[in-house]
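Which chain is which? The protein sequence lines are A and B, in order.
Following this note's numbering from start to finish, the first sequence increments by one per residue and tops out at 337.
Following this note's numbering from start to finish, the second sequence increments by one per residue and tops out at 337.
Just so it is clear, CB atoms sit at the ideal spot from N, CA and C, and this is done for glycine as well.
Remember, predicted model here, so these are calculated numbers, not experimental data.
Number of protein chains: 2
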Amino acid sequence: MSASDLQANITADDVAVLAGVSRWTVNRAFKNNASISPATREKVMKAAQTLGYVPDLRAAALASDRSNLVALLVDDFNNPHKLVMLERLTRALRTRGWDTLLVNTLDREDAGPALMNASQRRVDATILIGIQFDDEVLATAHSARRFKKLIIFARTSQNPDTISIAVDDVAATREIAQYVMRRGYKRPLYLAGPRTVSAHLSRKETFVALWQEHTGFTPDAVSVAAYDPNLATEIIDTTLRPMAAEDRPDIVVCENDALAIGAIDCIKHRFGLKVPQDIAVIGFDDVPQAASANYRLTTYRQPISAMAEYLVDVLENSGTEDMDKMFLGKMVIRDSA
Amino acid sequence: MSASDLQANITADDVAVLAGVSRWTVNRAFKNNASISPATREKVMKAAQTLGYVPDLRAAALASDRSNLVALLVDDFNNPHKLVMLERLTRALRTRGWDTLLVNTLDREDAGPALMNASQRRVDATILIGIQFDDEVLATAHSARRFKKLIIFARTSQNPDTISIAVDDVAATREIAQYVMRRGYKRPLYLAGPRTVSAHLSRKETFVALWQEHTGFTPDAVSVAAYDPNLATEIIDTTLRPMAAEDRPDIVVCENDALAIGAIDCIKHRFGLKVPQDIAVIGFDDVPQAASANYRLTTYRQPISAMAEYLVDVLENSGTEDMDKMFLGKMVIRDSA
DNA sequence: ACGGATTTTGCACGCGCGTGCAAGAAAAAA
DNA sequence: TTTTTTCTTGCACGCGCGTGCAAAATCCGT
């Protein structure tokens, strides 16, 4: 019998009688911009303190149809960049009064159920930062369930029912491609991740097109099923293994840092080659690891914090104007390319 | 005007009239072990489908005082092991019908508000996988707010109001210490993280005690303010820099892999030394990175999945018996020590 | 101290579903 | 067919708070 079960559930009514006010005044005391006199608020807060009362956000959400809750659907937990995104998003959200429901999209078939899950909690918005949400899933999601807002974070989407907050992949890839050319690399290999969205303007497609346009040659490209360093290591291995030394790429351009890190590991430890002298590597995201002495990865930094802040702007703004937004990041030149 | 605002909120009543049953039957159709005939369930589900109805879990939680929601309070996002824990926990929880509220404990002062946050959502349990929850915070938390369950995951805690699910640090550290001795290392340096809990049986204390007991010597130990590879790199640098080569440790025993990885980076790239030939390194956790060709880290693997499953067992079991549990992991011998 | 302007407080009703039991329907037994 | 037994279905009440407005209290200048 701990002290807490003297009374099972302390409600605003209990606080009201103790403070000598009405229940509504109690709840007002906990609202930010409510019209309440400082004196009564203090009185109420003191009473709440002694009773250990905290407002019940379930009931508030039910009554107001506004939960201040967003669902964050995530897969691709092998990508270290996810941890960065999770931190920045939850920080921006929480700082500005929003809570986060983290939904692990277990596998490809789970995308629908995961969306359903969010819907059942009546969240104010659903944020997708995974890769397993193709257009088909989004379409059915939007028709079958009710989503107040469906936000794709850090990935562009041409779906009209969706708000996309992402880096301008075309501009970013152009900057990368120009850098690669300027540094005189001749035989790039593009290492891409899974292709779930019918993206005509993906990083890979953009890079390949730019390279063709400027050199006349079509660069090689390979892709893996997930943004997982280990998979990157394996595919670089099987790609380079049969090649004569002179046929090898002089740079591996990676869709993101997770792949770049795996590529570097492979180049250095499986082939005993030097980065960037033998084969250079370039990434995307600028994960914390990229700065480590081990990788010194040249990459492109996404402004995740700014994007997260904008996301909360979108949540707080219920206007109906187009809220898609593209951000510009910046290249971070280190030693790997 | 999207199709979804034909009717603002579709409730079980709407489905009921369409299906020709009562509202309660509708909700029963969505419950797992409800007594309902297959025929009517199908009829209800079909009606729900055409209306796009999904049960409202807010209302369900309010009415039943059971939310199937847990709060996960996390800080220490620099530690890559957090991503593993997040994945395993959310997977185990979601697979067995639990949702997760992810609360980013922004800083030391935020521990209280973060707990309050969870309390306001009336979660069925609060899980702490951060480091900023000392005994004081826990004590006030438990007295001031109502928590049905307060679970400390992957860290031992002697707090009686708390359920601790963790690896047996003493047994694990003993195994590590024995390994270090058996391999003939003579001058270990212990690299520890922040000391937030008044832990007499922490990994560091245990290692130091064991080493003293078996060799008579007290090993050096340093600690950093967070489980962050970059901090580990810096402190190893400042620790080794003034040392003569022959005074250097022959092995760095780290409280976890995040620190071990930073230590290896420093040893290899700041000092140009070889791991393990010049200085060996041993970690704890077995993060994915530890297996990479770059680190080949010898470490101790925590059975996170089993611990996560046990956590859900605890949630589903409302018995009052003591639910603390210690797990045994296993050493993973690679090349770093 | 007084009248009007302003701030502060109180309240009826509803948000959507769970609980536990009783009535009704169907199935099994006689 | 009738009587039990078992399975299905319906319902009154409450979970704790928000909304929007009206009543009450407080304030200001004169």
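From the options, residue whose alpha carbon lies closest to that of residue i
| i | options | result |
| --- | --- | --- |
| B:L89 | B:S67, B:L311, B:I152 and B:M243 | B:L311 |
| A:A221 | A:T233, A:E255, A:P242 and A:L201 | A:E255 |
| B:Y227 | B:R195, B:L201 and B:I333 | B:R195 |
| A:K186 | A:A71, A:D247, A:I261 and A:Q289 | A:D247 |
| B:A258 | B:L273, B:K274, B:A290 and B:R182 | B:A290 |
| A:D124 | A:L93, A:V26 and A:R270 | A:L93 |
| A:V44 | A:A61, A:L106, A:S305 and A:A12 | A:A12 |
| B:R301 | B:M331, B:A337, B:R183 and B:A63 | B:M331 |
| B:T238 | B:I251, B:A263 and B:G216 | B:A263 |
| A:Q277 | A:R108, A:F284 and A:P249 | A:P249 |
| A:I333 | A:G272, A:A34, A:C266 and A:E175 | A:E175 |
| A:D168 | A:D324, A:G130 and A:L51 | A:D324 |
| B:N68 | A:R121, A:L51, A:A48 and A:V54 | A:R121 |
| B:D285 | B:R270, B:I251, B:I304 and B:A293 | B:I304 |
| B:P242 | B:S223, B:F271, B:A118 and B:L201 | B:F271 |
| B:I151 | B:V26, B:A111, B:L72 and B:H81 | B:L72 |
| B:L297 | B:L62, B:A47 and B:S336 | B:S336 |
| B:F129 | B:N79, B:N32, B:P160 and B:R96 | Reading the sequence as shown, one finds Ile at residue 129 of chain B and not Phe. Of the candidates B:N79, B:N32, B:P160 and B:R96, the one whose C-alpha sits nearest the C-alpha of B:I129 is B:N79. |
| B:S292 | A:L231, A:L138 and A:A306 | A:L231 |
| A:A16 | A:S35, A:L62, A:L115 and A:V54 | A:V54 |
| B:T50 | B:L18, B:N33 and B:A59 | B:L18 |
| B:A47 | B:E87, B:D75, B:A139 and B:I10 | B:I10 |
| B:V180 | B:P288, B:S22, B:A280 and B:A34 | B:A280 |
| A:E136 | A:M307, A:A29 and A:P160 | A:P160 |
| A:D134 | A:S157, A:V74 and A:S35 | A:S157 |
| B:A60 | B:G52, B:S37, B:F30 and B:F77 | B:F30 |
| A:R155 | A:E42, A:R41, A:A172 and A:T140 | A:A172 |
| B:Q178 | B:F153, B:V103, B:A114 and B:H214 | B:H214 |
| B:A192 | B:R182, B:K204 and B:G184 | B:K204 |
| B:V253 | B:A245, B:W211 and B:A244 | B:W211 |
| A:R96 | A:L328, A:E316 and A:G329 | A:E316 |
| A:R91 | B:V103, B:P188, B:N32 and B:G112 | B:V103 |
Bridge partners - residue i, DSSP secondary structure assignment
| i | result |
| --- | --- |
| B:Y300 | B:M331 |
| B:D285 | B:R301 |
| B:L62 | DSSP, once it has assigned bridges, lists no residue as partnering B:L62. |
| B:V253 | B:Y190 and B:I282 |
| A:I74 | Before going on, a small fix: residue 74 of chain A reads as Val here, not Ile. Partner(s): A:N104. |
| A:A221 | A:Y190 |
| B:M326 | B:A166 |
| B:L69 | B:D99 |
Chain B residues whose Cβ lies nearer than 7 Å to that of residue i
| i | result |
| --- | --- |
| A:V54 | M116, S119, Q120 and R145 |
| A:A59 | L62 |
| A:K82 | L83 |
Chain A residues whose Cβ lies nearer than 8 Å to that of residue i
| i | result |
| --- | --- |
| B:L297 | Per Cβ cutoff of 8 Å: no residues; B:L297 is ~13 Å from chain A at best. |
| B:D99 | L101, V103, N117 and R121 |
| B:P194 | Correct list: empty, because the minimum Cβ distance to chain A is about 17 Å. |
| B:L240 | Ordered by position in chain A, no residue passes the 8 Å Cβ test against B:L240, which lies about 14 Å from the chain. |
| B:R155 | Going along chain A, no residue has its Cβ under 8 Å from B:R155, so there is no contact; the nearest lies around 19 Å. |
| B:R28 | In chain order: nothing, as chain A lies at least about 16 Å away. |
| B:P188 | Within chain A, no residue comes near B:P188; the closest Cβ sits about 23 Å away, beyond 8 Å. |
Inter-residue CB distance, residue i and residue j (contact presumed, cutoff 8 Å)
| i | j | result |
| --- | --- | --- |
| B:V170 | B:Y190 | About 15 Å separates the two Cβ atoms, so there is no contact after all. |
| B:T105 | B:Q132 | 6 Å |
| B:I282 | B:V275 | Not quite, the Cβ-Cβ distance comes to about 10 Å (not below 8 Å), so this is no contact. |
| B:T233 | B:D265 | 5 Å |
| B:D99 | A:N117 | 7 Å |
| A:I261 | A:P288 | Actually they do not touch by this definition, with Cβ atoms about 11 Å apart. |
| A:T62 | B:L62 | Looking at the sequence shown, residue 62 of chain A is not Thr but Leu. Going by Cβ atoms, the distance from A:L62 to B:L62 rounds to 6 Å, so yes, they are a contact pair. |
Within chain B, partners of residue i - CB distance below 8 Å
| i | result |
| --- | --- |
| A:D265 | S292, A293 and N294 |
| A:T233 | S292 and A293 |
Neighbouring residues, chain A, relative to residue i (Cβ below 7 Å)
| i | result |
| --- | --- |
| B:E87 | F77 and N104 |
| B:T90 | L102 and N104 |
| B:P229 | S292 |
| B:R270 | A293 |
Under 9 Å from the C-beta of residue i: neighbouring residues of chain A
| i | result |
| --- | --- |
| B:P219 | Ordered by position in chain A, no residue passes the 9 Å Cβ test against B:P219, which lies about 26 Å from the chain. |
Distance cut-off 7 Å: residue i Cβ against heavy atoms of the ligand NAD
| i | result |
| --- | --- |
| B:R96 | Ligands displayed in this structure: none; no statement on the ligand NAD is therefore possible. |
Checklist line | Length at least 4, wholly inside the segment 147 to 198 of chain A: the alpha helix (DSSP H) runs in chain order | finding: Segments of the alpha helix (DSSP H) lying fully in the segment 147 to 198 of chain A: 169 to 182.
Checklist line | Within the segment 26 to 51 of chain B, ranges of the alpha helix (DSSP H) (whole runs, at least 4 residues) | finding: If one requires a minimum length of 4 residues, the alpha helix (DSSP H) runs lying completely within the segment 26 to 51 of chain B are 38 to 51, in chain order.
Checklist line | Sequence ranges, alpha helix (DSSP H) only - wholly within the segment 83 to 150 of chain B, length at least 4 | finding: Correct list: 111 to 120 and 135 to 144.
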